[in-house]
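First up is the structure itself, then whatever we jot down about it.
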Amino acid sequence: MMRRIRLVKMLAILAIAAASAVTLLLYVTRSKPVLFTSADSTKASLERDPLFSIFNPFRDRAPERSAESFLQLISSGRCEQALAPLAMKPDSRRYHCQMEKEDPLKSWRLADRKEQSSTGAQLFFRVARKNYADYAGKVWVNVQRRDDRWHVIDYSAIY
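Under the working numbering, think of the first position of the sequence shown as 15, with each following residue one higher.
The structure is reproduced here in structure tokens:
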């Protein structure tokens, strides 16, 4: 009987230690927002979109929230307001806003994230638009950390 109680206690301690180690490992990898990405290797490097990504559940989501707020502005018809702070040529701004009027965003989902520095990231979204089904569209949003906040600094889309 004593032996059984001791065995149960030892197994409980091992389980707690293992869970703690896994939690610590995931926390340590917080600096990596994407744990694994698989891309289509048959395409040229510039065309490689991730087939799927496994995101770190402990990552800092502030850059993503900033990009999603930006996309929300665009999808609600406020493209000029969203693009105004960006260093974009006026012709490019007009083009994007015209395309957004013709084929507006319906929804989006994060497909990949690349850290460009400790204060910058490029977020790749698959988007659904009015004129096509599913998440066939592509949008890139670059964000940069300034004054303890993340700001969108660049936007590009394939329509």
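Yeah, the Cβ is synthetic: ideal placement off N, Cα and C, and Gly gets one too.
Local conformation of Ser59 per DSSP, three classes: By 1-based counting over the sequence shown, the position of residue 59 is 45. Because Ser59 carries a pLDDT of 48, less than 50, the predicted location of this residue cannot be relied on, and the following value inherits that uncertainty. Ser59: helix per DSSP, three-state reduction.
Extent of the continuous beta strand (DSSP E) run through Lys120: By one-based count along the sequence shown, residue 120 stands at place 106. Here the beta strand (DSSP E) through Lys120 covers 119 to 131.
Range of the contiguous alpha helix (DSSP H) that encloses Ser80: By 1-based counting over the sequence shown, the position of residue 80 is 66. Ser80 -> alpha helix (DSSP H) spans 76 to 89.
The segment 114 to 130 / the segment 64 to 75 touching (three or more Cβ pairs under 8 Å): yes
Which of helix, strand or coil DSSP assigns to Ala101: Position 87 of the sequence shown, counted from the first residue, corresponds to residue 101. Ala101: coil per DSSP, three-state reduction.
Segments of 3+ residues assigned as beta strand (DSSP E) that fall wholly inside the segment 142 to 166: 146 to 160
Through-space distance from Ile167 to Pro99, alpha-carbon basis: Taking the first residue of the sequence shown as position 1, residue 99 is located at position 85. Taking the first residue of the sequence shown as position 1, residue 167 is located at position 153. About 8 Å.
C-beta atoms of Lys144 and Lys120 nearer than 8 Å: In the sequence shown, residue 144 corresponds to position 130, counting from 1. In the sequence shown, residue 120 corresponds to position 106, counting from 1. Yes.
Selection from Ala32, Lys46, Ser132, Ile88 that minimises the alpha carbon distance to Asp162: What you label residue 162 is simply residue 148 of the sequence shown in a count that begins at 1. When each option's Cα is compared against that of Asp162, the closest is Ser132.
Simplified DSSP assignment, three categories, for Tyr109: The residue given as residue 109 occupies position 95 in the sequence shown. Helix.
Where Arg92 sits in the DSSP three-state scheme: Indexing the sequence shown from 1 puts residue 92 at position 78. Looking at Arg92 - three-state DSSP - the assignment turns out to be coil, as it is neither helix nor strand.
Cutoff 8 Å; reference Ser83; Cβ partners in own chain excluding five residues on either side: Sequence index remark: in the sequence shown, residue 83 carries index 69 (1-based). No residues qualify anywhere along the chain.
C-alpha distance - Tyr109 paired with Gln130, whole-angstrom precision: Within the sequence shown, the letter at position 95 stands for residue 109. Within the sequence shown, the letter at position 116 stands for residue 130. Going from the Cα of Tyr109 to the Cα of Gln130 covers about 27 Å.
Beta carbon of Tyr191 nearer than 8 Å to that of Leu97: As displayed, the chain neither begins before 15 nor continues past 173, which places residue 191 out of reach and without an answer.
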